[in-house]
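Written out below as structure tokens is the structure these notes cover.
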Amino acid sequence: MNIILIGPPGSGKGTQAEFLKNTYGLVHLSTGQMLRDEISEETVLGQKAKEMIDSGQLVADDLMVSMLNDTLVKPDYRVGVILDGFPRTVKQAVCLDEMLKELDRTIDHVIQIKVDESVLMKRITGRFYCGQCKANYNDFFKLPDEKDVCDICGASDFLRRPDDSAETLKTRLKKYQEETQPIIPFYIGKGVLKDVDGSLPMEEVSRQIAEIIEK
């Protein structure tokens, strides 16, 4: 079984990928991590990708698909994968489809996690974490039980990511709308796309996804 998770920044794709991995024994394949691994291992494809990144270019679609192909043929990935971060464009979706046909594999489910922008804004701009144990918190949804004291380790060293700002999120959402949203009709046409309400509690979103898969 192969699954694609689609959703804007802050929609909870990583959380639901972990749920799918633990529940169905699939491999979570983050293409961002795959790219970093290829570069750090100095593979031929990784070196080509690094050259493109260093020169300010986006990594070419055919290069990303080649990396993905090399990864998917590994024994660990034959059980099925959760794709997170790819495809991002219609061209990538078409390339992925052609590559999977050659491997005699298909995409079984494309799950779009839909969340209102106002909720995304609170999730992203409100999040912070313990600098000691990395426990996550949020100004709007999950504050420590005791002010300025981590529930897990008792530390008072809290940090925020520099790019968790409203301006950065708006830029990322604009890019998502322009690039990724057009792949939705592509997968609707293939009859594999389903929506879930990502504004609900994490456990409820997981339940919706499980219902889709187990039908």
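Just so we're aligned: 52 in numbering that gives the first Met the number 0 is position 53 of the sequence shown, and the numbers increase by one with no gaps anywhere.
Ideal placement from N, C-alpha and C gives every residue a C-beta, glycine not left out.
Taking each of G6, D53, M120 and N21 in turn and checking the Cα distance to S164, the smallest one comes out for M120. DSSP places F157 in the strand class (E or B) of the three-state scheme. Of the other Cβ atoms in all chains shown, fewer than 16 fall within 10 Å of the Cβ of E166; this residue is therefore exposed. Runs of the beta strand (DSSP E) lying entirely within the segment 24-59 and spanning at least 3 residues, in chain order: 26-29. The residue among T105, D194, G24 and R160 with its C-alpha nearest the C-alpha of L4 is D194.
Scanning V58, Q56, Q180 and Y186 for the CA closest to the CA of T105 turns up Y186. Nearest to V114 by alpha-carbon distance, out of L19, Q176 and E50, is Q176. A straight line joining the alpha-carbon of Q46 with that of I38 spans about 6 Å. Within the segment 70-122, the runs of alpha helix (DSSP H) that reach at least 4 residues and sit entirely inside it are, in chain order, 89-101. Between the alpha carbons of D103 and E116 lies a distance of about 38 Å. As the crow flies, the alpha-carbon of D150 is around 19 Å from that of R122.
In this structure, the alpha-carbon of D138 lies about 29 Å from that of H27. Contact between S65 and L44 holds, with the beta-carbon distance rounding to 6 Å and staying under 8 Å. Take the alpha-carbon of D162 and the one of E213: they are about 37 Å apart. Rounded to the nearest angstrom, the Cβ distance from G6 to G197 is 6 Å, consistent with a contact under 8 Å. Contiguous alpha helix (DSSP H) elements confined to the segment 171-197 occur at 182-188, taking only those with 4 or more residues. The residue among P200, T42, D83 and A59 with its C-alpha nearest the C-alpha of I110 is D83. Around the beta-carbon of L67, 16 or more other beta-carbon atoms lie within 10 Å, marking it buried.
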